[in-house]
Amino acid sequence: MNTYQRLLGYVRPYWKRLVLLSITVTMFASLSGVSLTLIPPFLRVILDKEPPAASAPSGEGLPLPAWMESARVDVKTAFEGWMYAGDANERRARFIIALISLMLVKNIFGYIQTYFTEYLEQRVLFRVRRDIYGHILDLPLSYFDRERAGHLISRVTNDVSMLHGAVIGVAASVMRNVLMTLLAVVIILTVSWRLTLLVVCIIPINVLLMDLVGRKLRGRSRRAQEGMADMTASLEETIGGVRLVKAFGTREQEEARFGRYSYRHMMQFIKMKLYAALSAPTSELLGTTSFAVVLWYGGHRVLAGGIPAENLVMFVAAMLFVITPLKNLSKLSTVVQQANASAQRVFDLLDVPGEPLDRGGREAVFERELRFEHVNFEYERGEPVLRDVSVSVARGEVVAIVGSSGAGKTTFVDLIPRFYQPSGGRITLDGVDTREVSLSSLRALMGIVTQDTILFNDTIANNIAYGSAGATREQIENAARTANAHDFITGFTHGYDTVVGDRGAQLSGGQKQRLAIARAILRDPQILIFDEATSALDSESERLVQDAMDRLLEGRTTFVIAHRLSTIRHADKILVLDRGCLTEHGTHVELLERRGVYHRLYQLQFGHATA
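Heads up, the sequence shown is in our numbering, so the first residue is 9 and it goes up one at a time.
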């Protein structure tokens, strides 16, 4: 299945409205064609000429099938019987009434067609955005390690926006313009097959040129969208790191970097538009050439008596009429090629495998112990981060993980909630491999507090209740009290309804940490993970956070990463990682007595090694 066919798959749920759209398109196109057939009677009414017999031949036109010819004669007889009754003024009045009525009905169908087209188009884009956003949430963390955030944002915004008009709009336009073209072709064939043949000879040239332009345009469009993604990523990174930019005085450097991406996108976009601009003029030039040939040869046939003059006028009008739908069809090639490039980028993302959410469907249960059994892990092949790590943690134990920077501490705790999958070995809960349980039930056992606290631009209450659907205000406030957060929250004018700003910009580091702890308390997890939870705080904030942590730790299995070894002296077990290997484990006193890696780290911090 190609990219555009996959995109059309989003239309299927709306097939009933698509049928209604098809009806309105058919009526609009048909009435547009009927308006052309009014030209000969209009000229005869204006010139006060009597109509020819309904069954009279129209000149050099091809004969219609018997049933169509019979229907044409009946309709023409009835219409002209009404039209030509009375004197000349009455005829003109009737013609004006017929023309206005026809245009009114045609444009009513045109309005309904526009409404259905836009409604269905927006529904399709809504489903595409929803699917891609949901898929982004299902992607493993390893994908985000490789992909720039700005590129993902560009997929959801820029690429999806490029699909507007390329699904329902294209389908409706194809149907409408093809019908209008066919009706015009039928009309010109019934006037003169010789003139029609002259026009048809130019069409293959048009098609070949449009195909060539379309293929060039598709490649340029994809490169332009990639340039937009790079530009968006650069903008997102700069805004996210604006403090660093100001602190280090790198405004010119960042401006130059963004300028390079912006210039590259500009050039690709200009090249794309140059190819797009070739489409309509090429089609119009070919159409004008056909028109000139028809006027020359058609005038000759009228003078020779082969074609009635009013029929030549209708032929020319039909030719002019068909230029617009043909131009629209040629433009559709441009729209489809641009959309195809954007759709390919969207589906490339949707085709990235997500996390296996419910492998086996088993519920995670944690009653006895969590074990690492000969666990290995590497982000890149051949570069191990953890090597043959084996350890057992009983329920209720407080486990500290220490080691120098890059030792694998964060990776160790990230494997527990399956943010990453072990490259070798396994992690078990009560003897069951965590890969055999549903991901949702596994993560439901856990609460995580990191140094870089994630808060959303929402109220304090909603940030605390994040992940705890149905939590009451009383439960939220109790969690905040336990986390030493209630006092500073009530100090705000709006209390728990205070909006914290983008990423919690209105709060201090210690306040954000305590909200994160309150969030974990409200979740009431069996397993807690504190990753560098106090390493960036001042002494007073650390004391308040540490006090909140101590309350939360009671009766729960806890993994703590901390650079400040003084905060983990009372841990039940300390794991010492060095270059990805578990080199030591034991209590604080036991590890100091061994005078190994932990002893060295302790000396570096305190200058002595006493318990």
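Ideal Cβ placement from N, Cα and C applies to all residues, glycine included.
A284 is positioned such that its CB atom lies no closer than 9 Å to that of A174.
The beta carbons of G158 and E245 sit closer together than 9 Å.
Closest option to I525, judged by alpha-carbon separation, among T461, T480, L585 and V508: T461. In the structure shown, N384 adopts extended strand secondary structure according to DSSP, grouped into three states. Inclusion of V344 and V178 in the CB contact set at 9 Å is warranted, their separation being smaller than that value.
Taking the C-beta atoms as reference points, A556 is found nearer than 9 Å to R522. Approximately 6 Å separates the beta-carbon atoms of L51 and V321; this is inside 8 Å, confirming the contact. Between Y428 and T467, the CB-CB gap reaches or exceeds 9 Å. For D146, the enclosing alpha helix (DSSP H) has its first and last residue at A96 to D146. With contacts defined as CB atoms closer than 9 Å, A37 and I196 fail to qualify as a contacting pair. Burial check for G414: the Cβ neighbour count within 10 Å stays below 16, so the residue is exposed. Within the stretch 358 to 443, the runs of beta strand (DSSP E) at least 3 residues long that lie entirely inside it are, in chain order, 377 to 388, 391 to 402, 406 to 410 and 432 to 437. For S181, the secondary structure class from DSSP, reduced to helix, strand or coil, is helix. In the DSSP assignment, V457 falls within the beta strand (DSSP E) that extends over M454 to T458. Contact between the stretch 403 to 419 and the stretch 567 to 574 is present: three or more C-beta pairs spanning the two stretches fall below 8 Å. Separation of I331 and L190 (C-alpha to C-alpha, rounded to the nearest whole angstrom) is 12 Å. Relative to the Cα of L15, the nearest Cα in the group Q276, F355, A106 and I104 belongs to F355. By the neighbour-count criterion, in which a residue is buried when 16 or more other Cβ atoms sit within 10 angstroms of its Cβ, Q276 is buried.
Fewer than three Cβ pairs drawn from the stretch 97 to 109 and the stretch 117 to 127 lie within less than 8 Å of each other, which leaves the two stretches out of contact. L128 and W23 have their C-alpha atoms some 10 Å from each other. Ranked by Cα distance from D396, the first of G455, G588 and D580 is G588. The C-alpha of L311 lies about 45 Å from the C-alpha of L29. V507 sits in a strand when the DSSP states are folded into three classes. DSSP, reduced to helix, strand and coil, places L536 within a strand of the structure shown. Judged by beta-carbon spacing, F124 lies beyond the 9 Å limit of T204, meaning their Cβ atoms are not closer than that value. Within 10 angstroms of the beta-carbon of D586 lie 16 or more other beta-carbons, which makes it buried.
Within the same chain, and ignoring the five residues on either side of A237 in sequence, the residues whose Cβ sits closer than 6 Å to its Cβ are H159 and S162. Apart from the 5 residues on each side of it in sequence, R131 sits with its Cβ closer than 7 Å to the Cβ of Y22 in its chain, given in chain order. According to the DSSP secondary-structure assignment, L609 is paired through a beta bridge with no residue. The beta carbon of V383 sits closer than 8 Å to those of L394, D396, V397, S398, L423, P430, G432, G433, R434 and I435, all from its chain and outside the five residues before and after it, given in chain order. Contact annotation: F266 and L44 have beta-carbon atoms that are not nearer than 9 Å.
Sequence-distant partners of S350 (beyond 5 residues in either direction) whose C-beta falls short of 7 Å from its own C-beta, in its chain, are D167, M170, L171 and Q233.
Non-local beta-carbon contacts of V605 in its own chain, meaning distances under 7 Å to residues more than five positions away in sequence, involve V584, D586, T591 and E592 in chain order. In this structure, E363 and L447 form a Cβ contact; the two beta carbons are roughly 6 Å apart against a cut-off of 8 Å. Within the stretch 302 to 337, complete beta strand (DSSP E) segments of at least 3 residues are not found at all.
With a contact defined as Cβ atoms closer than 8 Å, T501 and I535 miss out at about 37 Å.
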